[in-house]
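Enquirer: Sequential numbering of the sequence shown, starting at -16, is according to the numbering used here. For each residue, glycine too, the CB sits at the ideal point set by N, CA and C.
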Amino acid sequence: MFKEVSKMSDNISTENKGTVEKENEEKRVGVFVCECGVNIGGVVNTKAVADYIGTLHGVKVTSVNKFTCSDSGQADIQAKIKEHNLNRVVVAACSPKTHEPTFRACIEEMGLNQYFLEFVNIRDHCSWIHMWEKEKATEKAKDLVRMGVERSKLLEPLQASEVPVIDKALVIGAGVAGMQSALDLADMGFQVYLVEKEPSIGGRMARFDKVFPTNDCSICILGPKMVEVARNKNIKIMSYSEVKAVDGYVGNFNVKVEHKSRYLDVAKCTGCAKCSEVCPVEVPYDFNEGLGTRKAIFVPFPQAVPLRALIDKENCINCKACAKACASGAINYDMQTSYTDLNVGVIIGAVGFKTYDPEPRHDFGYGLYDNIITAMEFERLLNAAGPTGGHVVRPSDCKEPIRVGFVNCVGSRDKNTNIYCSGVCCMYTIKNAQLLKEKRPETDHTVMYIDIRTPFRAYEESYNRSRNLGVKFLRGRPVEVKEDPVTKNIKVRVEDTLAGEMRNLEFDLLVLATGIVPNEGIG
């Protein structure tokens, strides 16, 4: 059925209901103002609004209800539609995002086309943002509702519409969410194009050692799914590619995909990595968050899909050593960027995220002192496939740290960076502290936090487990971070808000739990 029909977006009804308006019919408008308890009525003078609106041309009746979305409020609307023969309804209430469908159904039951409803949000736009300016909030509500009345007179009836949908789909982003979306669509019979800007599918989850709250092996979960995607005959993987243009309409989109050059033939490359062995160039390994090095020609990581190498042209010195080492003759230094035009009926964006970069602002000394690292760098140190084989060491001297500090909410819940809570920092800090404590019970851990947020299943249990393992939690943000010039230890001055005192702590290693921010190029 997905191949045959798609419901148009929420501006088109799904059934042919409602009367057809007669030509030149008088616009008879009813206006219903909601108090929403005190959400609106506590600020906006709803009676004054209704009285003013009642004087406007075409308005046949106004009404004020405590809760217009309730059964009694809906009954009032229907009764007045019948009593005053209304053919337009204006509701001044909360957000149409949550309440508009209720009122559309209400007027449709009375024989009106559901799109003869005009919804005015006087909660978000008046009472909430002008909470301390009641007169201004009321005057603004009058203006907004007056505009709603005039707009309602221009509304036209809309009827059911069905459009064919091309049975091909595009999924942008091949992290765990994008891969699962592709598999679900493929199981429905769609031909799926899975576009990923990185050389391999898998996304950020491929870099984790374990996943919270169960601390299961990340690649053990992700790896089989990556292979499943690669083997599915209905999924075409377009790695190292980006969507450059989209046009069309519902059910029929034209998409231009750019394929960046790997400078080798993926059909010939076997992923043996012989080319990497002879490459003389070493650069920071981005998959390991810049820890350790990789060659200018490299396979992204051992479980990469597709398991194919690529040449980093920015760092390649054109020595041709890789071409000589490649037995299959896959190397092609002259390969150019190519493009593919797709015609699809469905597009899903699963573009993922990136972590906040604390270096530009040197948050908590990051970038200034060697032994301050981010949580993602710590993830790679914990990982057995990481640069140290799973041994957590200090960058300054490669010694194993005994005293480890964690700072939560770096780049989130901060008016100078991002005011929102990233929603994952608490739990991945708890996970990382547990993993290191399990590997080396002698280590001493202190987590400095604003609030610990563990709202989902098994999160609180994981938090309690870390406390039972000996992880200490200190409520407060560091106010000063310095480095001991001799030992390279990190000295932290932090306010303990629960004890009401300042604490001076010293750590061998300080880990910053950075928040999440949108990926570039998705706006």
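#1: When the Cα atoms are used, what is the spatial distance from His108 to Thr338?
#2: Cβ of Pro341 within 8 Å of Cβ of Thr357?
#3: Here's the rule: buried if 16 or more other CB atoms are within 10 angstroms of the residue's CB, otherwise exposed. What is Leu457?
#4: Comparing alpha-carbon positions, which option in Leu351, Lys180 and Lys420 lies nearest Ile473?
#5: Is the beta carbon of Val226 closer than 8 Å to that of Val249?
#6: Figure out for me which residue from Lys119, Ser55, Cys52 and Leu141 has the closest Cα to the Cα of Leu95.
#7: Rounded to whole angstroms, what's the CA-CA distance from Asn237 to Ser244? Just pull it up for me.
#8: Roughly how many angstroms separate the alpha carbons of Glu489 and Thr470, rounded to a whole number?
#9: Which of the three DSSP states, helix, strand or coil, is assigned to Pro267?
#10: When the distance is taken between beta carbons, is Ala304 closer than 8 Å to Cys252?
#11: By how many angstroms is the C-alpha of Cys19 removed from the C-alpha of Ala120?
#12: Can you say whether Gln417 is buried or exposed, counting buried as having 16 or more other CB atoms within 10 angstroms of its CB?
#13: What are the residues that DSSP puts in a beta bridge with Phe173?
#14: If you draw a straight line from the C-alpha of Asp170 to the C-alpha of Met162, how long is it?
#15: Is the separation between the beta-carbon of Arg106 and that of Ile23 shorter than 8 Å?
#16: On the DSSP bridge list, what partners appear for Lys511?
#17: I need the straight-line Cα distance from Glu181 to Pro289, nearest angstrom please.
#18: Around the C-beta of Val154, are 16 or more other C-beta atoms found within 10 angstroms, so that it is buried, or is it exposed?
#19: Here's a check: name, in chain order, each residue in its chain whose Cβ is nearer than 6 Å to the Cβ of Tyr268, leaving out the five neighbours to either side.
#20: Sort out for me which residues DSSP pairs Tyr322 with in a bridge.
#21: Using beta-carbon positions only, say whether Ile413 and Phe191 come within less than 8 Å of one another.
#22: If we count the other Cβ atoms within 10 Å of its Cβ and call it buried at 16 or more, is Leu325 buried or exposed?
#23: For Gly186, name the three-state secondary structure that DSSP assigns.
#24: For Cys200, list the residues DSSP reports as bridge partners.
#25: Under 8 Å: do the stretch 207 to 215 and the stretch 254 to 268 share three or more Cβ pairs, one atom per stretch?
#26: Would you call the stretch 441 to 460 and the stretch 477 to 492 in contact, with 3 or more CB pairs under 8 Å?
#27: Just to check my reading of the structure: Leu39 and Val72 have Cβ atoms closer than 8 Å, yes? What is that Cβ distance to the nearest angstrom?
#28: Quick one: complete alpha helix (DSSP H) runs, 4+ long, within the stretch 62 to 91?
#29: Using a Cβ-Cβ cut-off of 6 Å (strictly less than) and excluding sequence neighbours within five positions of Asn70, which residues of its own chain qualify?
#30: Span of the beta strand (DSSP E) holding Arg386?
#31: Tell me which same chain residues have a C-beta within less than 8 Å of the C-beta of Val500, skipping the five on either side of it?
#32: Is Asn447 helix, strand or coil by DSSP?
#33: Three-state secondary structure (DSSP) at Asn104?
#34: Along the chain, where does the alpha helix (DSSP H) that runs through Asn415 open and close?
#35: At the level of alpha carbons, what is the spacing between Asn354 and Val178?
#36: In angstroms with no decimal places, state the Cα-to-Cα distance between Arg87 and Gln97.
Expert: To lay it out plainly:
#1: Computed Cα separation, rounded: 33 Å.
#2: In contact: Pro341 and Thr357 (Cβ atoms closer than 8 Å).
#3: Leu457 should be labelled buried.
#4: Checked all of Leu351, Lys180 and Lys420; the closest Cα to Ile473 is Leu351.
#5: No; because the gap between Cβ atoms is not below 8 Å, this pair is not in contact.
#6: Among Lys119, Ser55, Cys52 and Leu141, the Cα nearest to that of Leu95 is on Leu141.
#7: One alpha carbon belongs to Asn237, the other to Ser244, and they sit about 23 Å apart.
#8: Near 11 Å, if we compare the C-alpha coordinates of Thr470 and Glu489.
#9: Pro267 sits in a strand when the DSSP states are folded into three classes.
#10: Contact: no.
#11: Using only the alpha carbons, I get a separation of about 15 Å.
#12: Gln417 is buried by the Cβ-count criterion.
#13: Per DSSP, Phe173 has no beta bridge partner at all.
#14: A direct Cα-to-Cα measurement between Asp170 and Met162 gives close to 12 Å.
#15: Against a cut-off of 8 Å, the Cβ pair of Ile23 and Arg106 comes out as a contact.
#16: Nothing about residue 511 can be read from this structure; the chain reaches only from -16 to 506.
#17: Rounded to the nearest angstrom, the two C-alpha atoms are 11 Å apart.
#18: Taking a 10 Å sphere around the C-beta of Val154, we find 16 or more other C-beta atoms and assign the residue as buried.
#19: Hits under 6 Å: Gly275, Thr276 and Arg277.
#20: Answer by DSSP bridge pairing, in chain order: Glu241.
#21: In this structure, Ile413 sits away from Phe191, with a CB-CB distance that is not shorter than 8 Å.
#22: It is buried - the Cβ of Leu325 has at least 16 other Cβ atoms within 10 Å.
#23: Correct three-state label for Gly186: helix.
#24: Answer is Lys193.
#25: No: the two stretches stay apart, fewer than three of their Cβ pairs being nearer than 8 Å.
#26: Contact between the stretch 441 to 460 and the stretch 477 to 492 is present, because at least three Cβ pairs lie under 8 Å.
#27: Not really, about 15 Å apart at Cβ, beyond 8 Å.
#28: The stretch 62 to 91 contains these whole alpha helix (DSSP H) runs: 79 to 91.
#29: The answer, listed in chain order, is Arg11.
#30: Arg386 to Val393 is the span of the beta strand (DSSP E), which, as asked, contains Arg386.
#31: Hits under 8 Å: Phe336, Lys337, Thr338, Tyr339, Gly394 and Asn401.
#32: Residue state, collapsed to three classes: helix.
#33: If DSSP states are grouped into helix, strand and coil, Asn104 belongs with the strands.
#34: First-last of the alpha helix (DSSP H) with Asn415: Cys408 to Lys422.
#35: About 37 Å.
#36: About 5 Å.
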